[in-house]
Structures are given as C-alpha cells and as structure tokens.
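Numbering (the working numbering), first residue to last: 6 to 516. Down below is the structure, laid out as structure tokens.
Below you can see the structure in the form of structure tokens.
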C-alpha cells in the first residue's frame, strides 16, 4: 500500500486539524435556537453586582424595563464584588461640593488628567465620556440613589481634589443604597448563579446565557444547569482577573503568587474568557495595576489605603534601608508601586499627628477605623521620629536629614527633588512630636486591560465590529484608562458605562 499523501489530502487534514483545534465557538442556528429549552426569558441579563451591574439595572428600570424583565446575576454568595470593599469615593469634576471648598475643576481638567496618567493608551472617546458625565453621575448617586457624601479628598495623580468620599469610607456606601433602591423597585440580584456560556446565533448575535443555579464558589462542578434568554442583550460587569494567577502571569510573568491581591476571591476573569470564545477582542491585558498603598501588616485591601492616600503630600515616603526618599509621594499609582517593587522590600510613609488630625482622622478615616488600624499595627504611632527610626530599623542620622529637607520643601510648598504636591494646610513635621507611620508593599489591584468596547458599551469583536446583544462595563473592559487608572475614576467609569449599556440595551431591536 502506498504511503504517499497527496497535497490535497495533506492540506485538507491540516485544515481539519486547525478547525478542530480552534473552532471552540459554540453557535446555534435559527432552527437550533427554537429547540433550546429556555428556562427563563428576560429583556436584560446583567452579570455582576458591583458598581457597573447595579447602575445598569437601575438605569434600565428608569428607561421603562419592568422589574421582572431585568435579571442581575452573581456567582458569589453575597453581592457587591470588589465594589463593596473599595475605598468609598468617586471622582467628579465641577461639583457643588468642590465649589463650596473653592476647588476649581472641570471635565476638561479631569479628561487631561486621565489621558496624562494613561500614558497615551486611554481611548480618548471613552475617557471623554467619563469626564463629561461624571458630575451628572455624582448628582444621580446623591439625589436619586441616596448615597451620602462627606468630603472631597485627593488621590495621587489628580491635579486637584475631586474624589468625593462617602460617609463610611467604604464602597458599601454606594452598593448598599443601590441594592436598597433596587429592592424598592422589585429587583433582587440572583446570587450563586455562574455563567458557563454565552449563547450566540449563527448570525453572531447574543441570544442569552447558559448558567448554573445554586453554584458554590470553589466547588466548580456544583449547581443546576439552566438557559436564560436575553432579548435585549447581556451585560458583562463581572470585574477583572486579579485573583487568577495563571491568567495574569500569561500577560505579566512577574505577577506570580508572591503578589497577593486586594480583590475579592471571585475576581477570576472567566467572563472575559467566555467573551473571547465568541470572538470578543481584548486589549491592554498586560497593564495590571498594583496598589502602592497596601500594607504587609494586613491582608486584602485593608484600611491602609485610607491612611496612605490621605497622607501623601503631608509627609515623606522613605526607604527604611537608607532613610532616603525615592519617589514623588503624590505620583500616580504605577509610579509609586513600581518604585517600591524596584527597591524590593516594604517602604514607609509617615506624617505628624497634627497633619493626620487635619486631613485623615475623623475625615478620611473614621475614628473607629483609625483606632482599629492602631490596634492591628497597620498604622503605627510613635512618640517622635527617633522612636520610629529605632522600631523600623531606619538609620536615624540620614532619616533626620531627609526629614529636615522635606520639612523645608513643605514649608515652601515646592519640592525640587521629586516634585511632590503640597497642600495649603500641610505643616512641617516636628521630629520631637507624635508621628504616625505605615509600612507599604504593593498588591495586585486593578486589571487595566479587558474587553474592548465602543462609546455605547458594546463589546467589539476581533474584527472591530460590535457583537450584537453583548455589552460590557467596569473593570472587565480595557482601554478606558490606559496604563494607569487614577484613584476613584474607575468608580465613575463603572457606573457611567453601566448606565450607558442599559441605554444601548433599551434601544436594541433583538436578534
């Protein structure tokens, strides 16, 4: 028998092998779609109960969708995702709260800040939308949803104070009022419901999702299978992949399990992967942000960020091995995190009790959280600078030189070394009086990359065309912020594009 293989057979076999290897996209024909036993039919199916998902549900209802036409899903046993544990502030540029404090700001200034921090990678039309709608979003939260705000704070990388903090210093200050409003409207998120597949017609239109109800996180074969039809589309608002070490290492090999994450355990990115399987494009996936304000003296997001982000501009950040400054304290997250990682060990930021009482204690940290941070050892209290140096093993003579130089810069409100921004109420730190300090080591915090969307929150395919009936908002998307996300801008991003998605879904004519 001849073993010769014809060119036709060879290329036919190769093509078949290629198709077998890569044709993992499951689509259904019109006939097959009729045969699917849809267990439920909704207008709008939302995957995720964070800022984006809840904002989308509220917006959809305001546009005329009935409560029983909107379904909000979450695989976890409690709602809120990362949103409920975040720092509790939203960026807005040009609000009445800023005006009362004499802060001059505008959407144009915020837009420039986003593009600058993004290093040219933020998609201008997406950044512009955030900037233009952030004030309306703030008033919507306060006046329509009932979110209570207490102060306008500063986050590194912004040119002015524009982060509007809620009264309880937590993302729950947004999520709980949103959940309460949804309950009032008759919309109750369905928890422990994981999406296994996005179902697409042979024409490329999203028909609905295959899920497992009564899923138990960590028991990956748990739950009962069901099919949910979504006549006006599916919104993916399931967050990023910071907790998926394999996934993040495929984009940034440095981010091994040696780096923990601020995120909740469910931030594992499978909805990005599900969207990829139906042809969705992803962008900027290797831009994964580390939080420079987390402490090795606690786990998760913790309370350190509340202290640290308020202390920048009110005290120096030093390398304890040398006693010297090494970076701009008010720089953006990437600048600071990269600098700490390059040093290779935890660093320290400190300020005076006087400065802390002016801007942190009782303002950006409640008295209860402040006292808890002291008890837990996250924030350390010392009688004087020498006591801090002795405890943290910092060479005191060099630290004192650094301290005196920084005090001079703070008094002059000008830093010729690192261009740190100083605030009008910042005061030089007396080395003989009480010092508050916090040790710093970065954690994986935010995935800058994700699904590509357009200005209507429509997910784009690998060929750059919208996938009919598929929307995305929040951290699951990429291109909105570029290489660096400014603190509290993502909260606005999630809500604004979640609401945009609802508007797009309300206009969708179906498959």
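Heads up, the beta-carbon is just placed ideally off N, CA and C, and yes, glycines get one too.
| Item | Value |
| --- | --- |
| Leaving aside the five residues before and after residue 106 along the sequence, list all residues of the same chain whose C-beta is less than 8 angstroms from its C-beta, in chain order. | 157 and 166 |
| Exposed or buried, which one is residue 437 when buried takes at least 16 other CB atoms within 10 Å? | exposed |
| On a Cα-Cα basis, can you pick out the residue from 263, 92, 135 and 81 that is closest to residue 446? | 263 |
| Going by DSSP in three states, residue 291 sits in which element: helix, strand or coil? | coil |
| In its own chain, which residues sit with a C-beta less than 6 angstroms from the C-beta of residue 387, not counting the 5 before and 5 after it? | 393 and 440 |
| Look at the Cβ atom of residue 220, then the Cβ atom of residue 318, and state whether they are nearer than 8 angstroms. | no |
| Specify the secondary structure class of residue 422 as computed by DSSP and reduced to three states. | coil |
| Rounded to a whole number of angstroms, what is the C-alpha to C-alpha distance between residue 61 and residue 116? | 23 angstroms |
| Measuring only the C-alpha atoms, how far is residue 235 from residue 47? | 5 angstroms |
| Of the choices 108, 123, 76 and 101, whose alpha-carbon is the least far from that of residue 494? | 123 |
| Counting beta carbon pairs with one atom in the stretch 232-247 and one in the stretch 268-278, are three or more of them shorter than 8 angstroms? | yes |
| When we look at the beta-carbon of residue 398 and count the other beta-carbons within 10 Å, is it buried (16 or more) or exposed? | exposed |
| In the DSSP assignment, what residue or residues form a beta bridge with residue 49? | 75 |
| Distance check for residue 285 and residue 28, CA to CA, integer angstroms please. | Residue placement at residue 28 is poorly supported in this model, since its pLDDT is 38, which falls under 50; the coordinates still yield a value, given next. Rounded to whole angstroms, residue 28 to residue 285 spans 14 angstroms at the Cα level. |
| Have a look at residue 199 and residue 403 and give me their C-alpha separation to the nearest angstrom. | 55 angstroms |
| What's the call for residue 379, buried or exposed, on a 16-neighbour Cβ count within 10 Å? | exposed |
| Is residue 112 near residue 125, with beta carbons less than 8 angstroms apart? | no |
| By alpha-carbon positions, which one of 50, 44, 43 and 223 ends up nearest to residue 477? | 50 |
| Using a threshold of 8 angstroms, state whether the C-beta atoms of residue 376 and residue 233 are closer than that. | no |
| Here's the rule I'm using: 16 or more other beta-carbon atoms within 10 Å means buried, otherwise exposed. How should residue 287 be labelled? | buried |
| Less than 8 angstroms separating the beta-carbons of residue 56 and residue 503? | yes |
| Grouping DSSP H, G and I as helix and E and B as strand, with all else coil, what is residue 410? | helix |
| Could you spell out the range, first to last residue, of the alpha helix (DSSP H) harbouring residue 218? | Looking at the DSSP string, residue 218 is not in any alpha helix (DSSP H); the run it does join, the beta strand (DSSP E), is 211-218. |
| Using only CA atoms, which one of 270, 240 and 201 lies nearest to residue 479? | 240 |
| Looking at residue 93: is its Cβ nearer than 8 angstroms to the Cβ of residue 178? | yes |
| Give me whichever residues DSSP pairs with residue 158 in a beta bridge. | 168 |
| Count the C-beta pairs between the stretch 458-475 and the stretch 126-146 that are closer than 8 angstroms, then say yes if the count reaches three, no if not. | yes |
| So, is residue 451 buried or exposed, given that buried needs 16 or more other C-beta atoms within 10 angstroms? | buried |
| With DSSP as the reference, identify every bridge partner of residue 96, one or two as the case may be. | 168 |
| Determine the burial state of residue 251: buried for a count of at least 16 other Cβ atoms within 10 Å of its Cβ, exposed for fewer. | exposed |
| What are the start and end residues of the beta strand (DSSP E) that includes residue 317? | Run containing residue 317: none; DSSP gives neither H nor E here. |
| Return yes when the C-beta of residue 259 is under 7 angstroms from any heavy atom of the ligand SAH, and no when it is not. | In the structure shown, the ligand SAH is absent, as is every other ligand, since no ligand is present at all. |
| Quick check on the burial criterion: 16 or more other C-beta atoms within 10 angstroms. Buried or exposed for residue 253? | buried |
| Pull the bridge partners of residue 230 from the DSSP assignment, please. | 217 |
| Can you give me the C-alpha to C-alpha distance between residue 95 and residue 408, rounded to a whole angstrom? | 33 angstroms |
| Please state whether DSSP places residue 438 in a helix, a strand or coil. | coil |
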